[in-house]
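Participant: Dumping the structure here so I can ask a few things about it.
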Amino acid sequence: MVGNLTSESSDLDFMYNDADEHINEMAELYSYTEEADFFVHKKAFEDLMEEYGLPVRWTSMTDKQKEKAILRLLDSIEMSQRSTRMQAARAVLYLVQGVFGECLVLETQAELARANVFLLYNYGFFHTFVQLLNMEIENSSAATSALRKPAVSLGDSTDIRIILNVLYTFVEVMRVEVESDTDEMKKCRETFQKEISLPLLGDDLLAHVLFQMVTRFCSGSAPHFPIKKILLLLWKTILVSLGGTDELRRLKAKYRTEASLPPVPDDTIEVTRTMRAASPPASAADLIESQQSRKNYRQFRRQQSLVKQNSMDEAYQDLDGDSLSGPDDELRYIEEHQAQTVGEDEYRPPTPRPSTPLPTSASDQNNAASNKGLPWVPKVRTKDIMNFLDHTRIKFVGFQLNNDQTSLAGLPLPIHEGLKVLKQHMYVSLAEVQIKKEEEIAKLPLSKKEISIPQTPVEILYQAILPSLPQYMIALLKILLAAAPTSKAKTESINIMADVLPEEMPMTVIQSLKLGIDVNRHKEIIVKAISGIILLLLKHLKINHVYQFEYMSQQLMFANCIPLVLKFFNQNIMSYVGAKNTISVIDFPACVIGETPEVTEETLEMGDQQPYCWRNLFTCINLLRLLNKLTKLKHSRIMMLVVFKSAPILKRALKVKHGMMQLYVLKLLKMQMRYLGRQWRKSNMKTMSAIYQKVRHMLNDDWAYGNDLDARPWDYQAEEFALQASINRFHNRRYDRSGSLCNDPDYQAVDNNILSVLGREIELTDDFKYHYDAWLKREVFQLSTDWDQLLNSQYL
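Here it is, written out as structure tokens:
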């Protein structure tokens, strides 16, 4: 279902964040076909409470009765009999779902769910369900039964869905911090975040287990796995264990301080949040309309003066509304436009707009100061400064000075001033520091001492997934391809609908419409989770170590991630962002609290009332950020964008009027602008203007001119091979085949400090002490050394 989002709509009031609101994230865990399971869980809880001799209402129990019920449930979960174990798991799921059968309003359900999650965590239920998950993964009978069926349905994953629902509820509730949390609950959250980033109870990392489940699902050995729930749990596990945007910002500031680097001048997300949405870059519809106007303008240029006047009016209206500051400026613009040569065949851009008048009042001065310039601080890399100096030295002096940024002899004064400006905006990234350190270690592997590697959550996770990381990335991209809206159903593709299709197909029109919406919603949630997983891992790995990031990036590139993302955007992106594949009245927990409203065709067609779909816009921004991460400063990958004709696809994405999304689209267009040709740039001047207005400037970057000297496609493949060699050298030195840290003594640093070596206490043997006088006489006093011969060059 498609909303009423059009190119004429206002700017989208969308706030990009790590995840959606808690109630929406919980609702997306359950498909609409699981609605009947809620009451099965409620009945299982009530039956067990009657069996235990306790009240069937959780809110009517005393604290001692609740403790007794929890301990009995814990015992039942550890039973060997499968039916008893799963009935207790259903009762636990009913508790973490907020005992919705005893709630009259949604707020009460949310409070009870949060309180029960913390209560059950203190009794060790989370660790118990992690063990249950490991047991269920090895349940060969369920996998064999699913493999024998021609079509896998919701009934084949009943038990594993219960376990995943409990684990996801634990992770999602612990992820969100609420103001009403007590000090004890805050400490519990901190403990949970530490434990989830470490192997639990001697088992493997939870995130690593979930990656293995994704791989098994894609291989076809476990088609009954509920892939949407697995991906959602994997995403939230990584988000809790590694941290979101705030933690990334904190870690980056910490590591830059340790490397003696200044803080980052600005943050992309924070700047885009504060940027005014009143003046977004031109949308694709405006660009097309502008180009059509130019064609009409050239066609009627030689006709009557009235027609020429109309063409002039179109060009005048094509300027921004705030371009002309007053009536005098308008008259001057008309006179200048009329003074152009009548017989001119080639179209020329309109006269530049007049300069802005000086502010007179204090408020005008404040507004001018706030609106002056770009929202970003320009940057310069060390490599850019060296290239600038090499070029100017060759031009004015005739020779170069390698690795010299200070000598300015023979250079004119403007070059001195230009270098000063460049150094004022020089930005040294963590990646440059890490690469330089790796080069020094590679050059002197035995004498260059390396600081001990801290076992951070990112490092622990990377060591766990390193041996199978290529398979994990391929599996994620396979599922992304199957869930993409532009993908056509193929018989040989993986079935991602196993956990949404009911055992009995719908019989009525309402049921069919409901299932269709559920299937589309199911795909959107899967794409959202995958985009969040990949982007989060890339950002954390880049801060932890650049070669970890580069290794994952190369595996994504080898798995055709770039054309896959472009294939995703090669659709009606406005329809996708405005999709209405949500039925709020049957979302959890609204579907189980109070009277369930009747679902009619009008209800299904109405859908959500928001002008956009949060998860779809979140997905689009994530995938654009992913493309930027993969292609930034990588010429071979930028050429892939050009080869796959990404420019028209990305231009269509500019129709979505959201500042952050348009920013990342313009970044992708900027990096490939020089390869698109002069005619393309000439026909898309408004796009180039938008890049100038919205994208950070890199000083000395001639992206808009298309300098052929810098376009050397034959060198790009060599750059990729050199990067791969550096990554392999990094892995061989730092990790063994199992992914753990390498303890090869040949690569241990040598202590070459003379004070440390001579000051070290060495215990001499008794035999050496007894023969010390004889050794001293033979090796020192009786030994004659010809020092002149020793110092001769032939012995040096």
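The numbers in full-length UniProt numbering rise by one with no breaks, and the one at position 313 of the sequence shown is 313.
Even glycine gets a Cβ: it sits at the ideal position worked out from N, Cα and C.
Given the structure is predicted, the values throughout are model-derived calculations rather than measurements.
#1: Given Met61, which residues of its chain have a CB within under 6 Å of its CB, disregarding the five upstream and five downstream residues?
#2: Residues in the same chain with beta-carbon distance under 8 Å from Met497, minus the five sequence neighbours each way, listed in chain order, please.
#3: Do you know offhand how far Leu446's Cα is from Asp767's?
#4: Could you compute how far the alpha carbon of Asp20 sits from the alpha carbon of Arg615?
#5: What whole-angstrom Cβ distance do Val214 and Phe170 have, given they're in contact under 8 Å?
#6: What do you reckon, are the CB atoms on Pro223 and Val152 nearer than 7 Å?
#7: In its own chain, which residues sit with a C-beta less than 7 Å from the C-beta of Leu669, not counting the 5 before and 5 after it?
#8: Buried or exposed: which applies to Trp775, given that a residue is buried once 16 or more other Cβ atoms fall within 10 Å of its Cβ?
#9: For residue 811, does the three-state DSSP call read helix, strand or coil?
#10: Can you give me the Cβ contacts of residue 798 inside the same chain, cut-off strictly under 7 Å, excluding the 5 residues immediately before and after it?
#11: By the DSSP assignment, the alpha helix (DSSP H) with Gln554 in it spans what residues?
#12: Give me the Cα-Cα distance between Leu64 and Glu51, rounded to the nearest whole angstrom.
#13: What is the DSSP secondary structure of Ala579, reduced to helix, strand or coil?
#14: Using DSSP with H/G/I as helix, E/B as strand and the rest coil, what is Tyr16?
#15: Just the C-alpha distance for Pro457 and Lys682, rounded to the nearest angstrom, thanks.
#16: For the alpha helix (DSSP H) that contains Ile762, what are its first and last residues?
#17: Apart from the five residues on each side of it in sequence, which residues of its chain come closer than 6 Å, Cβ to Cβ, to Ser553?
#18: So the alpha helix (DSSP H) Tyr427 belongs to, where does it begin and stop?
#19: Which partner residues of Tyr735 appear in the DSSP bridge assignment?
#20: DSSP three-state call for Val380: helix, strand or coil?
#21: For Lys395, count the other beta carbons within 10 Å of its own beta carbon; 16 or more makes it buried, fewer makes it exposed. Which is it?
#22: Measuring alpha carbon to alpha carbon, tell me which of Cys591, Ala653, Ile517 and Ala475 ends up nearest Ala27.
#23: Tell me, please, whether the segment 121 to 135 touches the segment 467 to 486 by the rule of three or more beta-carbon pairs shorter than 8 Å.
#24: Quick check: what's the CA-CA separation for His658 versus Ala69?
#25: Quick one: Cα of Arg276 to Cα of Met15, how far?
#26: Can you give the Cα-Cα distance for Phe129 and Pro611, rounded to whole angstroms?
#27: Give me the Cα-Cα distance between His540 and Ile638, rounded to the nearest whole angstrom.
#28: Whose CA, out of Leu783, Glu601 and Glu595, lies closest to the CA of Leu104?
#29: Are the CB atoms of Ile727 and Tyr547 within a distance shorter than 7 Å?
#30: Met661 bridges to which residues according to DSSP?
#31: What are the boundary residues of the alpha helix (DSSP H) that Ile586 is part of?
#32: I'd like the list of long-range same chain contacts for Arg161, defined as Cβ closer than 6 Å, with 5 residues on each side in sequence excluded.
#33: In this structure, does DSSP put Met497 in helix, strand or coil?
#34: Cutting at 6 Å between CB atoms, please list the residues of its own chain near Pro265, excluding the five before and the five after it.
#35: Is the beta carbon of Ala559 closer than 7 Å to that of Leu205?
#36: Would you call Ile163 buried or exposed, if buried means 16 or more other Cβ atoms sit within 10 Å of its Cβ?
Facilitator: Inspection of the coordinates gives the following:
#1: Counting from one through the sequence shown, the residue named residue 61 turns up at place 61. Correct list, in chain order: Pro55.
#2: The count along the sequence shown starts at 1 and reaches residue 497 at position 497. Excluding residues within five positions, the ones whose Cβ falls inside 8 Å are Val519 and His522.
#3: Numbered from 1 along the sequence shown, position 446 holds the residue referred to as residue 446. Numbered from 1 along the sequence shown, position 767 holds the residue referred to as residue 767. Taking the straight line joining both Cα atoms gives about 32 Å.
#4: Locating residue 20 in the sequence shown gives position 20, counting from the first residue. Locating residue 615 in the sequence shown gives position 615, counting from the first residue. In a straight line, the C-alpha of Asp20 is about 8 Å away from that of Arg615.
#5: For the purposes of this step, residue 214 is taken as residue 214 along the sequence shown, with counting starting at 1. For the purposes of this step, residue 170 is taken as residue 170 along the sequence shown, with counting starting at 1. In fact, because the Cβ distance is near 20 Å, the residues do not count as touching under 8 Å.
#6: Stepping through the sequence shown from its first residue, residue 223 is reached at position 223. Stepping through the sequence shown from its first residue, residue 152 is reached at position 152. Yes.
#7: Position 669 of the sequence shown, counted from the first residue, corresponds to residue 669. Ala647, Leu650, Thr687 and Ile691.
#8: On the sequence shown, residue 775 is found 775 positions in, with the first residue counted as 1. Per the 10 Å Cβ criterion, exposed.
#9: Any property of residue 811 remains undetermined from this structure, which presents the chain solely from 1 to 796.
#10: The displayed coordinates of the chain run from 1 to 796. Any statement about residue 798 would go beyond what the structure contains.
#11: Residue numbering aside, residue 554 sits at position 554 when the sequence shown is read from its first letter. Per DSSP, Gln554 belongs to the alpha helix (DSSP H) from Val546 to Phe558.
#12: Reading the sequence shown from its first residue, position 64 is the one you call residue 64. Reading the sequence shown from its first residue, position 51 is the one you call residue 51. A small correction: the amino acid at residue 64 is Lys; Leu does not occupy that position in the sequence shown. Answer to the nearest angstrom: the Cα atoms are 17 Å apart.
#13: Locating residue 579 in the sequence shown gives position 579, where the first residue counts as 1. It is a strand residue.
#14: On the sequence shown, residue 16 is found 16 positions in, with the first residue counted as 1. Residue state, collapsed to three classes: coil.
#15: Numbered from its first residue, the sequence shown carries residue 457 at position 457. Numbered from its first residue, the sequence shown carries residue 682 at position 682. In a straight line, the C-alpha of Pro457 is about 49 Å away from that of Lys682.
#16: Position 762 of the sequence shown, counted from the start, is the residue given in the question as residue 762. Run containing Ile762: none; DSSP gives neither H nor E here.
#17: Sequence index remark: in the sequence shown, residue 553 carries index 553 (1-based). Excluding positions up to five away in sequence, the list reads Leu630.
#18: Taking the first residue of the sequence shown as position 1, residue 427 is located at position 427. Tyr427 -> no alpha helix (DSSP H), and no H or E assigned at all.
#19: Here residue 735 is taken as the residue at index 735 of the sequence shown, counted from 1. Per DSSP, Leu741.
#20: What you label residue 380 is simply residue 380 of the sequence shown in a count that begins at 1. Strand.
#21: If you number the sequence shown from 1, residue 395 lands on position 395. With fewer than 16 Cβ atoms within 10 Å of its Cβ, Lys395 is classed as exposed.
#22: Against the sequence shown, residue 27 aligns to sequence position 27. That would be Cys591, whose Cα lies nearest to the Cα of Ala27.
#23: no
#24: Locating residue 658 in the sequence shown gives position 658, where the first residue counts as 1. Locating residue 69 in the sequence shown gives position 69, where the first residue counts as 1. Between His658 and Ala69, the C-alpha separation is close to 51 Å.
#25: Here residue 276 refers to the residue found at position 276 of the sequence shown. Here residue 15 refers to the residue found at position 15 of the sequence shown. Reliability of the predicted coordinates at Arg276 is poor, the pLDDT of 44 falling under 50, and no value is obtained from them.
#26: The sequence position of residue 129 within the sequence shown is 129, counting from 1. The sequence position of residue 611 within the sequence shown is 611, counting from 1. Between Phe129 and Pro611, the C-alpha separation is close to 39 Å.
#27: Translated into the one-based positions of the sequence shown, residue 540 becomes position 540. Translated into the one-based positions of the sequence shown, residue 638 becomes position 638. Distance between the alpha carbons of His540 and Ile638: 23 Å.
#28: Position 104 of the sequence shown, counting from 1, holds the residue named residue 104. Selected option, being the one with the closest Cα: Glu595.
#29: Stepping through the sequence shown from its first residue, residue 547 is reached at position 547. Stepping through the sequence shown from its first residue, residue 727 is reached at position 727. Yes, the Cβ-Cβ distance between Tyr547 and Ile727 is below 7 Å.
#30: Numbered from 1 along the sequence shown, position 661 holds the residue referred to as residue 661. Its beta-bridge partners do not exist; DSSP assigns none.
#31: Working through the sequence shown from its first residue, we reach residue 586 at position 586. Note, Ile586: premise wrong, no alpha helix (DSSP H); not H, not E.
#32: Stepping through the sequence shown from its first residue, residue 161 is reached at position 161. Excluding residues within five positions, the ones whose Cβ falls inside 6 Å are Pro226.
#33: Sequence index remark: in the sequence shown, residue 497 carries index 497 (1-based). In the structure shown, Met497 sits in coil (DSSP, three-state: anything other than H, G, I, E or B).
#34: As a position in the sequence shown, residue 265 is number 265, starting the count at 1. Only Val377 meet the Cβ criterion.
#35: Against the sequence shown, residue 205 aligns to sequence position 205. Against the sequence shown, residue 559 aligns to sequence position 559. No.
#36: Your numbering for residue 163 matches position 163 in the sequence shown. That one is buried.
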